[in-house]
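Note sheet for the following structure.
In our numbering, the protein residues as written are 14 to 230.
See below:
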């Protein structure tokens, strides 16, 4: 009769440390690196932030960094894409929501676009300033995001047009001007905060009303 102790026991599927699987620990490191990227890219600037500094901030080793990201550019893109995904959800929710009047609808859409970034200025610093010209790949992604937001704004303007609130026309180029103008206003506010966030939002609403030819009726 064979000894039970001699029988080969099945190996566990994953090694467990402190009641966390290797996958869970890797995911936690990934999340800490995303937070470190948000913090350091915003406060020190992308060009000035080293991988060593990111690892120190996230409390991970360089080896662990490269297990999650190919380099700084990949981390910047991951941080940016996470912000963009959250922004898109907010924009679509605001565009699709029912509102009592056009002024309220415009205000909700603008707030979804602006306050998503500016309530945490680290997001704005990265999404409005740091991604500009960071690399060819990042710039291409930034342009893709701008065009996607332009499309959302155009959908919004088309909805307003169908409700007979603004004249019937092609609103693509107006949407381009609005998104570009809002982006530049946020950039100016970040560098020269001479007005409050609430005042900035109202200024943007005023400009959108003016550009769309809507008087809030």
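In this text, a Cβ means the ideal position worked out from N, Cα and C, and glycines have one as well.
Do you know how far the Cα of residue j is from the Cα of residue i?
{"i": "residue 124", "j": "residue 188", "result": "16 angstroms"}
{"i": "residue 18", "j": "residue 34", "result": "Because the pLDDT of residue 18 is 48, which lies under 50, any placement of that residue in the model is unreliable, and the question is left without a value."}
{"i": "residue 27", "j": "residue 87", "result": "Confidence at residue 27 is low in this model, with a pLDDT of 48, below 50, so the placement of that residue is unreliable and no value is reported for it."}
{"i": "residue 103", "j": "residue 202", "result": "21 angstroms"}
{"i": "residue 166", "j": "residue 196", "result": "13 angstroms"}
{"i": "residue 105", "j": "residue 128", "result": "15 angstroms"}
{"i": "residue 110", "j": "residue 183", "result": "23 angstroms"}
{"i": "residue 63", "j": "residue 155", "result": "22 angstroms"}
{"i": "residue 198", "j": "residue 131", "result": "11 angstroms"}
{"i": "residue 220", "j": "residue 122", "result": "13 angstroms"}
{"i": "residue 162", "j": "residue 192", "result": "7 angstroms"}
{"i": "residue 205", "j": "residue 70", "result": "28 angstroms"}
{"i": "residue 65", "j": "residue 164", "result": "39 angstroms"}
{"i": "residue 41", "j": "residue 59", "result": "23 angstroms"}
{"i": "residue 223", "j": "residue 75", "result": "52 angstroms"}
{"i": "residue 288", "j": "residue 194", "result": "Since the first residue of the chain shown is 14 and the last is 230, residue 288 is not available in this structure."}
{"i": "residue 133", "j": "residue 96", "result": "11 angstroms"}
Could you tell me the boundaries of the alpha helix (DSSP H) in which residue i lies?
{"i": "residue 119", "result": "115 to 131"}
{"i": "residue 58", "result": "That residue, residue 58, is in no alpha helix (DSSP H); it is neither H nor E in DSSP."}
{"i": "residue 216", "result": "210 to 225"}
{"i": "residue 170", "result": "149 to 175"}
{"i": "residue 189", "result": "185 to 204"}
{"i": "residue 135", "result": "134 to 137"}
Can a CB atom of chain D be found closer than 8 angstroms to the CB of residue i?
{"i": "residue 128", "result": "Among the chains in the structure shown there is no chain D, since it carries only a single protein chain."}
Would you call the segment 47 to 60 and the segment 113 to 125 in contact, with 3 or more CB pairs under 8 angstroms?
-> At 8 angstroms Cβ cutoff, the stretches do not touch.
Inter-stretch contact (C-beta, 8 angstroms, three-pair minimum) for the segment 167 to 178 and the segment 132 to 152 = Output reads no: the segment 132 to 152 does not touch the segment 167 to 178.
Taking only runs that begin and end inside the segment 59 to 110, name each unbroken alpha helix (DSSP H) of 4 or more residues, in chain order.
-> You should have 64 to 71, 75 to 81 and 85 to 109.
Could you tell me whether the segment 202 to 217 touches the segment 148 to 155, where touching means 3 or more Cβ pairs closer than 8 angstroms?
-> Taking 8 angstroms as the limit for Cβ pairs, the verdict is that the segment 148 to 155 does not touch the segment 202 to 217.
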